[in-house]
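The UniProt record's numbering numbers the first residue of the sequence shown as 1 and each following residue consecutively. Cβ atoms here follow ideal geometry from the backbone N, Cα and C, with glycine treated the same way. Worksheet: the structure to be examined is printed underneath.
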Amino acid sequence: MSTSDLFWNASQEELKNGYIEKENHYICLLCGKKIEKGIVYPVEGIFYEARRYMHSHIEQAHGSVFEYLIQLDKKFTGLTEHQNNLLRLFYQGKSDEEVKKEMNIGSAATIRNHRFILKEKERQAKVFLVMMELLKEKDSHAPAFINFHQTARMVDDRYNITRDEREKILKTYFPQGVDGSLSTFPSREKQKLVILQQIAKRFQREYIYGEKEINEILKDVYDDYVTLRRYLIEYGYLDRKPDGSQYWLKK
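This is the structure we're talking about:
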């Protein structure tokens with residue numbers, strides 16, 4: 001199961017922790033890193049068992065679960081830019097007076113009103129989550145949609161893709177199987193998204209690639225590797241340094 005699938009299928013408590021527990025290991029929901037159980041991990045002269053090391057990894061790699069989630073696209077969080085900024089400051093432990101000064105908001109009463117609106121949003125979210133859980137028990141006709149990556153950009157109806165549609169697209173454009181080469185690169189956005197999601201699986205997490213390495217991997221997929229590279233960055237699968245000297249799979 002991909003990291004995006006694990007992320008979107010995780011329970012609220014698992015998302016809050018930032019990881020899930022399997023029989024022999026823990027998996028970071030934010031980047032997919034696996035921590036094997038039964039191993040002691042050294043960090044700056046201190047030794048941690050697996051669960052504690054996972055907490056250390058999240059702190060070192062992501063700052064905190066909150067910091068990771070708050071920087072997600074507003075299509076995922078449902079927050080306006082103003083609400084996002086308020087939550088960041090609240091999380092930092094700022095007082096209403098400090099928030100008022102930093103955001104140049106008229107009065108402390110305005111801050112309290114924003115807090116009330118956010119609390120109302122929380123209550124609505126809880127009710128909606130329960131309703132959706134109950135719906136799953138009754139709605140046997142609901143299609144199985146694919147999960148998209150947390151670093152996705154331009155989140156819109158192009159992501160409205162079922163798993164059956166995904167399989168058909170992959171069979172059409174990868175006639176020799178998904179480990180083979182592309183027959184052609186699609187022009188339709190939905191098809192393009194599925195293809196790019198599959199190609200991204202060829203890259204390792206937590207590995208820095210040179211431009212030559214990236215090009216060699218993509219050449220095995222399609223002759224026009226420059227187009228693939230551009231779209232992988234545009235769609236939020238890969239990131240790079242401004243000078244193009246280093247590339248990596250986005251978390």
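Nearest-angstrom Cα distance between residue i and residue j?
i	j	result
Arg205	Leu86	32 angstroms
Ile195	Asn17	31 angstroms
Ala61	Lys33	10 angstroms
Glu213	Gly180	18 angstroms
Lys100	Ser107	7 angstroms
Phe220	Leu135	The residue asked about is misnamed: residue 220 is Asp in this sequence, not Phe. Cα to Cα, Asp220 sits roughly 44 angstroms from Leu135.
Arg240	Gln71	18 angstroms
His114	Glu13	26 angstroms
Lys192	Ser183	13 angstroms
Thr77	Tyr19	19 angstroms
His57	Gly210	25 angstroms
Arg112	Val178	53 angstroms
Asn160	Val43	43 angstroms
Glu21	Glu120	32 angstroms
Glu133	Ser4	20 angstroms
Tell me which residue opens and which closes the alpha helix (DSSP H) that residue i is part of.
i	result
Asp164	Arg163 to Tyr173
Phe7	Thr3 to Asn9
Going by beta-carbon coordinates alone, are residue i and residue j separated by less than 7 angstroms?
i	j	result
Thr172	Ala144	no
Leu30	Leu6	no
Phe185	Tyr222	yes
Arg158	Glu189	yes
Ile35	Tyr26	yes
Phe116	Tyr91	no
Leu238	Tyr247	yes
Phe203	Leu170	no
Arg123	Ile146	no
Tyr207	Leu218	no
Where do the ends of the beta strand (DSSP E) carrying residue i lie?
i	result
Tyr19	Tyr19 to Glu21
Lys37	Run containing Lys37: none; DSSP gives neither H nor E here.
Cys28	His25 to Cys28
Pro42	Tyr41 to Val43
(request) Taking only runs that begin and end inside the UniProt domain "DUF2087" (182-249), name each unbroken beta strand (DSSP E) of 3 or more residues, in chain order. (result) 238-240 and 247-249
(request) Ignoring anything shorter than 4 residues or poking outside the stretch 48-116, list the alpha helix (DSSP H) runs there in chain order. (result) 50-62, 65-70, 74-77, 81-91 and 96-103
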